[in-house]
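Report on the structure given below.
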């Protein structure tokens, strides 16, 4: 019985992230539009877009191989699995023991690998330019992410997200410099990985500015829908990661009853709303930076992560 | 490997303590650079439009060669799914090298990889693999059954500039350019030089990138230079007259005997 309940909770988690991902994207778009005094698209617009794309016929380039057609599903599946590994409303889900934060980073790395390959596949210059830029960002974002993981893992003595969020929710954490550094590093990495504004503009199709958009330029119809959904899932993943690592209050404990789960779900939604609001405000307030400035931007994240880890190496109380 | 970094604060040496987080970051950098490298190699060699006449008429190789590659790929996949078996198989080697080895992994249920203890971290490759394949299959099935599976082939989108020449594609050098700009300027002292003709001139634009291998230049080139100078000097000794040879032998003998006499 307990096993069935565990599987049900895990399934609910997988379905929840899938269902919420387009809503979060729609919410951020709405916030940005309202801040610019526009009406903005309705909150449900991303769902409608996905539905429209799924129903449309796929136009495939003449020289597209099997790799180009399977890559969207691989990208989607790996992102979905990574997103369902992050505790959203409950810690200690059955599946969360299968992989830790380092494995999630590796899953996202393989997603990037397939995306970059798909960008190179057709042989247009746009795909190439953005695959190379994505590879450049990855060389800076992945070490920064790993350093952030080290900082939080040194504190909690575990790379398991469930263990860590339980530890963070307990009272013996206190205010720590290293955690603040890790939070800033994670936010910078999240912004870069999700191609949000200072790094990339998700709303434009200008070849000088786009990074993520041009890799998927040749995709259409259901393939594009799957890739879009994967990108929305990735945004949700990073939001959930920030929520479960740094604002873990309300997260249901491993041996929780239905009431705790409900509280966890409500607080999770509140956290997502707050994070979406902050992202919208941040994106409206800041301008897009040049591509080679991104290296400095991500370098800050790397340095902060390294500093956080070093502080913990020097003293456990920092 | 990353778990090793996390237990390193227990190390007694302070120098190592500061060094190890940087090693962790370097490992992550190596992983990301490996991704960039494989995308570049595979993307330039196998993807895109054929870049040469030879590539245009290339045929697939025979089944045995393909099977050999597929076997290796399968072994890679299996070692990722069942890392415990591999680690146990390598245990004698690590015992010989470091006189320590990972705890035995095969006792774990469902092939979970547990480097130190369950509460620290665990990784279940099989479960992750099953979930990825299941969700990929579910997504493909749902979309193909519930939506459309129609597909049309057409030319790639050309942005209004049909470019029939495969020369316009990204090459290995152009793929590596952003990474070279970020890392190369400091690590390899790379410099770029663009010679753009002014309007009206018919000469082609020239782009040149210079890369210095710092280690090669500071460590190996001086040695090579010294060896070259010495061998040139010695080369002169090969073409002396018989008189000079005799005097050379004489002086060398005196020098050696002197050395022998002075030697305590």
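Chains as they are written, first to last, in this note's numbering: chain A, 514 to 831; chain B, -13 to 250.
Backbone N, C-alpha and C fix where the C-beta goes; we use that ideal spot for every residue, glycine too.
Excluding the 5 residues flanking residue 95 of chain B on each side, which residues of the same chain have their C-beta closer than 7 Å to its C-beta? Its pLDDT being 48, under 50, residue 95 of chain B is placed unreliably in this model, and the value from its coordinates should be taken loosely. Nothing listed; no residue qualifies.
Establish whether the CB of residue 143 of chain B and some CB of chain A are separated by less than 9 Å. Yes, its Cβ sits closer than 9 Å to a Cβ of chain A.
Would you call the segment 735 to 752 of chain A in contact with the segment 532 to 548 of chain A, where contact means no fewer than 3 C-beta pairs closer than 8 Å? The segment 735 to 752 of chain A vs the segment 532 to 548 of chain A: in contact.
Just reading off the alpha helix (DSSP H) that residue 574 of chain A is part of, what are its end residues? First-last for residue 574 of chain A: 571 to 574, but that is the beta strand (DSSP E), not the alpha helix (DSSP H).
Thinking just about the alpha-carbon of each residue, which of A:522, A:758, A:765 and A:739 is nearest to the one in residue 560 of chain A? Out of A:522, A:758, A:765 and A:739, A:739 has the C-alpha closest to the C-alpha of residue 560 of chain A.
Between which two residues does the beta strand (DSSP E) harbouring residue 198 of chain B extend? Careful: residue 198 of chain B lies outside any beta strand (DSSP E) and carries neither H nor E.
Starting from residue 140 of chain B, follow the alpha helix (DSSP H) in both directions and report where the run begins and ends. Unbroken run through residue 140 of chain B is the beta strand (DSSP E), 137 to 140; no alpha helix (DSSP H).
Of all the CB atoms in chain B, is at least one closer than 9 Å to the CB of residue 542 of chain A? Output row for residue 542 of chain A: interface = no.
Looking at C-alpha atoms only, which residue of A:712, A:539, A:714 and A:663 is the closest neighbour of residue 691 of chain A? Nearest C-alpha to residue 691 of chain A: A:663.
How about residue 155 of chain B and residue 10 of chain B: do their beta carbons lie closer than 9 Å? Contact: no.
What residue range does the alpha helix (DSSP H) around residue 160 of chain B cover? Run containing residue 160 of chain B: 158 to 165, per the alpha helix (DSSP H) assignment.
Between which two residues does the alpha helix (DSSP H) holding residue 753 of chain A run? Where residue 753 of chain A is concerned, the enclosing alpha helix (DSSP H) starts and stops at 734 to 759.
Partner residues on chain A for residue 273 of chain B, Cβ-Cβ distance less than 9 Å: Outside the shown range of chain B, which is -13 to 250, sits residue 273 of chain B, and nothing can be said about it.
Burial state of residue 626 of chain A, where buried means 16 or more other Cβ atoms lie within 10 Å: Around the Cβ of residue 626 of chain A, a 10 Å sphere holds 16 or more other Cβ atoms; the residue is buried.
With 16 other CB atoms within 10 Å as the buried threshold, where does residue 180 of chain B fall? Counting the other Cβ atoms within 10 Å of the Cβ of residue 180 of chain B gives fewer than 16, which makes it exposed.
Against residue 155 of chain B, what residues of chain A qualify as contacts under a CB-to-CB distance less than 8 Å, listed in chain order? Neighbours of residue 155 of chain B across chain A, judged by C-beta separation under 8 Å: 636, 637, 638 and 641.
Got a sec? Which residues, its chain only, sit under 6 Å from residue 115 of chain B by beta carbon, not counting five neighbours each side? Counting only Cβ-Cβ distances below 6 Å, and skipping sequence neighbours, we find 67.
Which chain B residues sit within Cβ distance under 7 Å of residue 822 of chain A? Those are 7, listed as they occur along chain B.
Residue 6 of chain B versus residue 700 of chain A: straight-line alpha-carbon distance, rounded: When rounded, the distance between both Cα atoms is 24 Å.
Run through chain A and tell me which residues come within less than 9 Å of residue 261 of chain B, C-beta to C-beta. What is shown of chain B runs -13 to 250, which leaves residue 261 of chain B out entirely.
To the nearest angstrom, report how far apart residue 716 of chain A and residue 796 of chain A are at their CA atoms. Rounded to the nearest angstrom, the gap between the Cα atoms of residue 716 of chain A and residue 796 of chain A is 11 Å.
Taking CB distances under 9 Å as the criterion, tell me whether residue 193 of chain B reaches chain A. Not an interface residue.
Measure from the alpha carbon of residue 136 of chain B to the alpha carbon of each residue in A:822, A:572 and A:551, then state which is nearest. Among A:822, A:572 and A:551, the Cα nearest to that of residue 136 of chain B belongs to A:572.
Check each residue of the segment 19 to 30 of chain B: if its Cβ is closer than 8 Å to any Cβ of chain A, include it; give the result in chain order. For the segment 19 to 30 of chain B, the residues whose beta carbon sits under 8 Å from a beta carbon of chain A are, in order, 19, 21, 22, 24, 25, 26, 28, 29 and 30.
Classify residue 164 of chain B: buried if its beta carbon has 16 or more other beta carbons within 10 angstroms, exposed otherwise. Here residue 164 of chain B is buried. Its C-beta has 16 or more other C-beta atoms within 10 Å.
Skipping 5 residues on each side, what residues in its chain have a beta carbon closer than 7 Å to that of residue 763 of chain A? Excluding sequence neighbours, residue 763 of chain A sits near 776, 777 and 780.
If you check the beta carbons only, do residue 704 of chain A and residue 800 of chain A fall under 9 Å apart? Going by C-beta atoms, residue 704 of chain A is not nearer than 9 Å to residue 800 of chain A.
Should the segment 626 to 637 of chain A be regarded as contacting the segment 578 to 590 of chain A, the criterion being three or more beta carbon pairs within less than 8 Å? The segment 626 to 637 of chain A makes contact with the segment 578 to 590 of chain A; the number of CB pairs closer than 8 Å reaches 3 or more.
Short of 6 Å in beta carbon distance, which residues of its chain neighbour residue 620 of chain A, apart from the five on each side in sequence? Order them along the chain. Once the five neighbours on either side are set aside, the close Cβ partners of residue 620 of chain A are 591 and 595.
Taking residue 42 of chain B as the reference, give the member of B:232, B:224 and B:151 with the closest Cα. When only C-alpha atoms are compared, the closest one is B:151.
Determine contact between the segment 169 to 179 of chain B and the segment 195 to 202 of chain B, defined as no fewer than three beta-carbon pairs at a distance below 8 Å. In short, these stretches touch, since the Cβ pair count reaches three.
So with CB distances below 8 Å, who are the chain B contacts of residue 524 of chain A? The premise fails here: residue 524 of chain A is roughly 11 Å from chain B at the closest Cβ pair, so nothing lies under 8 Å.
Tell me the start and end of each unbroken alpha helix (DSSP H) in the segment 690 to 727 of chain A that is at least 4 residues and wholly inside, in chain order. Entirely contained in the segment 690 to 727 of chain A, the alpha helix (DSSP H) runs reaching 4 residues are, in chain order, 690 to 706.
Evaluate the contact criterion for the segment 668 to 683 of chain A versus the segment 727 to 736 of chain A: three or more CB pairs, one atom per stretch, below 8 Å. Three or more beta-carbon pairs separated by less than 8 Å are not found between the segment 668 to 683 of chain A and the segment 727 to 736 of chain A, which leaves the two stretches without contact.
Does any CB atom of chain B fall closer than 9 Å to the CB of residue 819 of chain A? Closer than 9 Å: yes.
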